[in-house]
Amino acid sequence: MSSEGTKIRVRIAPSPTGPFHIGTARTALFNLLYARRNGGTYIVRVEDTDVARSTTEHEADILEGLRWLGLEADEGVVAAGEERGDRGPYRQSARTTRYAEVAQQLHARGLAYHCFCTAGELEVERSARDKAKLPPRYSGRCATIPATESARRVAAGESAALRFRIQPGIVVIDDLVRGRVEIDAETLGGDLVILRADGSPLYHFTVVVDDADMGITHVIRGEDHLSNTPKHILLFQALGVPLPKFAHLPLILNPDRTKMSKRKSQTAIADYRAEGFLKEAIINFLALLGWSTGSEDEILSVEEIQERFDLDHVQKAGAIFDRTRLEWINGQWIRKLTHDDLLARLRPFYDRAVEDGRIGRPARDEEIAALLPLIRERIPLLSSVIELTDFLFIETLQHDAALLVPKRWEPATALAALEAARPLVAAGIGEGDAPLLDAEDPLEVKLRALAESNGWKAGDLFMALRAAATGRTATPPLFDSMRLLGQAAVLARIDQAIALLRAV
RNA sequence: GCCCCUAUCGUCUAGCGGCCUAGGACGCCACCCUUUCAAGGUGGAGAUCACGGGUUCGAAUCCCGUUGGGGGCACCA
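According to the numbering used here, the first sequence is numbered sequentially starting from 322.
If you want it as structure tokens, here you go:
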């Protein structure tokens, strides 16, 4: 078709009326993948025509989120005051004169007309149709006002919106995902307002003007836009520009199968980031929501996804956002990170934990580094690292007496065990010892012998020690945890636990 | 109400007329490993391919209908 031989240009057009949404990220990703796979250009355009709801904070959040995920624009808006490319401006608020110009052309050619209906009149029309169980549709009563009269009324200062004439006929969408879709123009709701009475343009109009001006060849977006696509096609035709190809992606759904929303799901990318989801995991997960490799591979990098991406394997039905699966993928990626990389990504979580008082002192890089092999397989989220290792960065533990006594034991047994184990621990743990990891631990050997001679299960003894040293029942491996804690702290905590048990 | 899209295990999906007595993954259960928690390993339960008609020698795969689900119908984006 017309785009054959032309370089592919796709775009994502977020509206800064809310924080960076997971659905926007998914659409952006698919656009980027399509561009990368086909040697095209990926454009970011900010749709901020709704001045009342758009904020610079949201725009910053969106741009920062895109950057973080590696979905930064090849062309278009990349940061607050930064745009790339020569087909801009790429922010709709900076394009108002262009919209007015194009609207004027449509009007001059008779393809659009002034509508003097007031909001009240339209409301009366709408409710009447609603009462008659008819779909909302503009009657077109201003469509036949003679040009001279219309011009006179406008000149007289009468308030008027501009409507685009929807010509009767069947509009065909040749969708790259769904195939041929036919929609009767009759069902589009009548002539379309493209400029409000105050002269500001409306979405369906701006999107087409922008896509035309920016030479977009492929419009890849959510299925929620499918029904509105005929309006866009009619507008493209009226402008006399080649039609882009369309691809409507299945929606991401709430657990109840409705379109994913802030009300029912966590939708802000920033929230996932703050929880410690890796960008690699989010990308991996999102790519597999509605698309598949056709193979059984699941853990894939963006590069790997880029190599395989195609619209043929895009699913047609919506997909529920399964957070559990995201967490699993996240765990897979955490295990794949290099030592240094994981360390760097964990760093901010410790810093934040200090700020909000969850731990008592900053964690040094060497400390985190020593911990890595112990925690790597135990954190589904980066943020999980705090509850798993907080005992190392808290000065004084608040023991829970109940936790100090292993399930099968009496308090007296726990007390006796801690007292008996203390000297062995004192002898076996130094200050600033490195973890032994998988090597045989001499302290463990001695403690096992101690347990055996007393008729205790080694596991119970270890649990009592674990609770005493860390205050928790689920921790990284006990002996290495104690080594990292250091002799003084471990013995102090054991003493504290002994005192507590004596008091019971 | 009207229009459009859609329908394979709870979830994400493979499948594009015979390889399917439907495969994988998440989750779940059991076992193994094991000092806890994880991770890992092994095995298992879990889908009459929404339902009903066709087409065909043969259908999860093609067609029609029904039902269910979703989306869209603004001087919102």
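Cβ coordinates follow ideal geometry from the N, Cα and C atoms, glycine included.
query, result
"Glu393 beta carbon less than 9 Å from that of Leu387", "yes"
"Three-state secondary structure assigned by DSSP to Lys566", "strand"
"Residue range of the unbroken alpha helix (DSSP H) whose run includes Asp495", "Element bounds for Asp495: not the alpha helix (DSSP H) but the beta strand (DSSP E), 491-496."
"Cβ distance (whole Å) where Pro456 is taken to contact Val492 below 8 Å", "At roughly 17 Å, the Cβ-Cβ gap does not stay under 8 Å, so Pro456 and Val492 are not in contact."
"Identity of the residues DSSP links to Cys436 by a beta bridge", "Ala482"
"Exposure of Ala832, with buried meaning 16 or more beta-carbon neighbours within 10 Å", "Because the chain is modelled from 322 through 825, residue 832 falls outside the range shown and cannot be assessed."
"Test item: CB-CB of His435 and Cys463 under 9 Å", "yes"
"For Lys580, the residue or residues it bridges with in DSSP", "Leu574"
"Stretch-stretch touch, CB-based, cutoff 8 Å, three pairs: the region 745-764 with the region 792-802", "yes"
"Sequence-distant residues of the same chain with beta carbon closer than 6 Å to Pro335, five excluded per side", "Thr345, Ile383"
"Residue span of the beta strand (DSSP E) that contains Ile715, given as start and end", "Ile715 -> no beta strand (DSSP E), and no H or E assigned at all."
"Distance, Ala770 Cα to Leu736 Cα", "18 Å"
"Cβ shell of Asp626 (< 7 Å), same chain only, five flanking positions each side left out", "Sequence check: residue 626 is Ile here, not Asp. The residues are Leu354, Ala608."
"Thr579, buried or exposed, once every other Cβ within 10 Å from all chains shown has been counted against 16", "exposed"
"Beta-carbon proximity list for Lys637, same chain, < 7 Å, skipping 5 on both sides", "Val498, Arg499, Pro571"
"Beta-carbon contacts of Ser324 that lie in its chain and below 8 Å, excluding the five residues immediately before and after", "Annotation note: pLDDT 42 at Ser324 (below 50); position unreliable, no value reported."
"Buried or exposed (CB count within 10 angstroms, at least 16 for buried), Leu509", "buried"
"Residue from Leu692, Asn352, Trp730 with nearest C-alpha to Leu709", "Leu692"
"Residue(s) in a DSSP beta bridge with Glu503", "Val493"
"Nearest-angstrom beta carbon gap, Thr794 and Leu827 [assumed within contact, 8 Å]", "Nothing can be reported for residue 827: it is not among the residues displayed for the chain, which extend from 322 to 825."
"Cβ pair Ile655, Pro701 closer than 9 Å", "yes"
"For Asp531 and Met322, the rounded distance between their alpha carbons", "For Met322, the predicted model reports a pLDDT of 40, less than 50, meaning its position is unreliable; a value from the coordinates is still stated below. Met322 and Asp531: Cα-Cα distance of roughly 21 Å."
"Uninterrupted beta strand (DSSP E) stretches inside the region 761-789 (no shorter than 3 residues)", "none"
"Inter-residue Cα distance where the pair is Pro467 and Thr370", "31 Å"
"Contact under 9 Å by Cβ, Arg484 with Val514", "yes"
"Residue interval of the alpha helix (DSSP H) (run including Glu380)", "377-390"
"Best match in Gly753, His720, Ile329 for proximity to Gly792 [C-alpha to C-alpha]", "His720"
"Sufficient close CB pairs (3 or more, under 8 Å) joining the region 765-785 to the region 664-672", "no"
"8 Å Cβ shell around Ile696 - same chain, five flanking residues per side excluded", "Val706, Leu709, Thr710, Pro797"
"Between the CA atoms of Trp730 and Trp777 - distance to the nearest angstrom", "9 Å"
"Burial state of Arg542, where buried means 16 or more other Cβ atoms lie within 10 Å", "buried"
"Spatial distance of Arg517 from Asp661 (CA atoms)", "55 Å"
"Backbone secondary structure at Thr734 - three-state DSSP", "helix"
"First through last residue of the beta strand (DSSP E) which encompasses Ala277", "Only positions 322 to 825 of the chain appear in the structure, and residue 277 is not among them; the question remains open."
"Where Thr327 falls: helix, strand or coil (DSSP)", "coil"
"Test item: CB-CB of Ser704 and Ala790 under 9 Å", "no"
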